[in-house]
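Trainee: Numbering (our numbering), first residue to last: 307 to 662. Beta carbons: idealized from backbone N, C-alpha and C, even for Gly. None of the values given here were measured: they were computed from a predicted structure.
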Amino acid sequence: MLNRGKPDQTDHVRGWIEERERVFLAPQAAKSAETLGRRRPEAECPLRTAFQRDRDRIVHCKAFRRLKHKTQVFLSPTGDHYRTRLTHTLEVSQIARTIGRALALNEDLIEAIALGHDLGHTPFGHGGERVLNEIVPGGFHHNRQSLRVVDHLEKDGRGLNLTHEVRDGILKHSKGRSHPILTEPDLRPMTLEGQVVRVADIVAYLNHDLDDAIRADILRPEDVPEDIRRSLGATHGERIHTLVRDTVRASLESGLSEIRLSPAMLEQVERLRAFLFDRVYDMPQILAEFERARKVIVDLYELFMNDDRIFEKEIGPLAPGVRREQRVCDHIAGMTDRYALELFKSLFLPRPWMKL
């Protein structure tokens with residue numbers, strides 16, 4: 307029976323959580339009650355903080371579900387245990403939350419940024435991203451596309467209306483090939499939580515890409531240079547523990563002015579990245595497969611740009627307001643590997659003759 311006329315205690319749950327953040331989180335942590343707000347104002351939830359709502363919106367969106375069929379390193383792997391873009395995202399979230407909890411930062415904000423950081427990734431991994439960057443006017447970067455997904459593409463164009471802090475962390479999570487963590491101040495996420503995700507992203511992918519390369523018999527554990535094994539650890543778990551612990555220690559030593567690795571550990575990280583580029587990412591077999599994937603993306607892009615009938619069938623009615631190039635880019639970037647391959651097959655490859 308409803309307690310008509312009596313106050314509902316659930317109306318105060320968000321306030322309890324926000325008060326707990328003020329008491330228990332580090333002074334430098336982002337507080338939900340102090341968010342800079344959303345692009346469109348909306349009523350607060352009585353149960354969840356602003357950052358909790360952002361996390362939930364990301365988990366329930368379509369772009370998040372598609373990550374399970376997008377390449378991490380190996381194109382359309384048949385083995386059950388190779389990482390996909392979704393499992394990468396979950397590993398980033400786990401590592402980032404471990405760091406954030408040790409530093410008394412806001413885990414809800416960390417989780418929201420981590421779960422949303424790769425929503426704009428293309429099919430076929432970074433190979434697909436490079437192709438779109440070459441052929442789309444103005445270029446293409448998955449971090450900007452991830453922000454576009456949450457701002458404009460999800461929910462039939464309404465977007466997820468996330469908080470400024472989450473949007474900033476998504477936009478600024480990405481790394482260059484050199485000096486991936488130490489960046490110019492204006493490129494660094496505005497919150498320590500966003501900086502945590504940036505570090506966790508590289509900790510995750512360095513270790514799971516190495517693990518997948520060993521599983522695929524591309525590398526043997528002893529192929530990793532001895533000094534890297536000695537500094538970071540000989541196993542997947544040891545390497546992650548070493549890097550997470552170093553991040554916590556170095557960040558505390560900075561007085562939580564930033565999230566960082568120690569100089570010695572950063573040097574080992576950059577050496578491991580260079581090793582993976584040399585022995586895995588740029589190996590001829592993988593590059594050959596990405597070259598095939600390149601043809602899929604280029605041919606689909608050109609067909610959508612030049613054939614109005616196919617455009618309207620696959621993407622929707624031609625309409626003013628958004629450049630055709632942008633709509634085609636959005637559509638291709640949102641594809642999973644298998645959808646892109648099946649669409650290419652149906653549009654470009656001959657079909658078996660059927661007697662009518």
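#1: I'd like to confirm something about M641: is its beta-carbon nearer than 6 Å to some heavy atom of the ligand ZN, or not?
#2: Just mark V329 as buried or exposed, buried being the case when its beta carbon has 16 or more other beta carbons within 10 Å.
#3: Do H423 and I476 count as a contact pair if the criterion is CB distance below 7 Å?
#4: Is it true that the CB of D552 sits closer than 7 Å to the CB of L538?
#5: Cβ of L582 within 7 Å of Cβ of Q334?
#6: Since R555 sits in a beta bridge, which residues does DSSP pair it with?
#7: Are the stretch 529-549 and the stretch 443-454 touching by the rule of at least three beta carbon pairs closer than 8 Å?
#8: Using a Cβ-Cβ cut-off of 7 Å (strictly less than) and excluding sequence neighbours within five positions of A599, which residues of its own chain qualify?
#9: Assuming V455 contacts A369 under a Cβ cut-off of 8 Å, what Cβ separation, rounded to an integer in Å, is found between them?
#10: Select from L516, I565, D614 and R526 the residue whose C-alpha is nearest the C-alpha of Y388.
#11: Would you call the CB atoms of V663 and A420 closer than 7 Å?
#12: If you measure between the beta carbons of A402 and A506, is that distance less than 7 Å?
#13: To the nearest angstrom, report how far apart L647 and K374 are at their CA atoms.
#14: If you run the structure through DSSP and keep just helix, strand and coil, what is R598?
#15: So the alpha helix (DSSP H) A419 belongs to, where does it begin and stop?
#16: Thinking just about the alpha-carbon of each residue, which of E324, L342, S480 and Q400 is nearest to the one in C351?
#17: Drop a sphere of 10 angstroms on the beta-carbon of L512, count the other beta-carbons inside from all chains shown, and report buried for 16 or more, exposed for fewer.
#18: Might you give, ordered along the chain, the residues of its own chain that have their beta carbon closer than 6 Å to the beta carbon of F446, omitting 5 neighbours on each side?
#19: If you drop the 5 nearest sequence neighbours on each side, which residues of the same chain put their C-beta closer than 7 Å to that of V442?
#20: Can you look up R535 in the DSSP assignment and give me helix, strand or coil?
#21: Three-state secondary structure (DSSP) at T548?
#22: DSSP state of P344, grouped into three classes?
#23: Take the Cβ of D584 as the centre, count every other Cβ of all protein chains shown within 10 Å, and call the residue buried at 16 or more, exposed below.
#24: Would you call the CB atoms of G406 and E397 closer than 7 Å?
#25: Can you give the Cα-Cα distance for E327 and K337, rounded to whole angstroms?
#26: Give me the Cα-Cα distance between P527 and T404, rounded to the nearest whole angstrom.
#27: Quick check on T642: does DSSP put it in helix, strand or coil?
#28: Given that a residue counts as buried once 16 or more other Cβ atoms are within 10 Å of its Cβ, and exposed if not, what is V365?
#29: Between L468 and D360, is the Cβ-Cβ spacing less than 7 Å?
#30: For T390, write down the residues that DSSP places opposite it in a beta bridge.
#31: Measuring CA to CA, which of L655, R657 and H637 is closest to R372?
#32: In this structure, what does DSSP give as the bridge partners for T469?
#33: Hey, V319 and L342 are a contact pair by Cβ (cut 8 Å); roughly how many whole angstroms apart?
#34: Determine, using beta carbons only, whether L466 and R363 come nearer to each other than 7 Å.
#35: Please classify V442: does DSSP put it in a helix, a strand, or coil?
#36: Does DSSP classify L368 as helix, strand or coil?
Mentor: Working from what's here:
#1: In terms of ligand content, the structure shown is empty, and the ligand ZN therefore cannot be addressed.
#2: exposed
#3: yes
#4: no
#5: no
#6: None; R555 has no bridge partner.
#7: no
#8: L381, F430, G433 and G434
#9: 5 Å
#10: L516
#11: Lying outside 307 to 662, the shown extent of the chain, residue 663 is not represented and no answer is given.
#12: yes
#13: 16 Å
#14: helix
#15: According to the sequence displayed, residue 419 carries Ile and not Ala. Where I419 is concerned, the enclosing alpha helix (DSSP H) stretches over E413 to G422.
#16: E324
#17: buried
#18: L438 and N439
#19: E631 and C635
#20: helix
#21: helix
#22: Going by the sequence as given, residue 344 is Arg instead of Pro. The answer is strand: DSSP assigns R344 an E or B state.
#23: exposed
#24: no
#25: 6 Å
#26: 26 Å
#27: coil
#28: exposed
#29: yes
#30: T377
#31: H637
#32: R344
#33: V319 to L342, Cβ: 23 Å. No contact.
#34: yes
#35: coil
#36: This sequence places Lys at residue 368; Leu is not what is there. It is helical.
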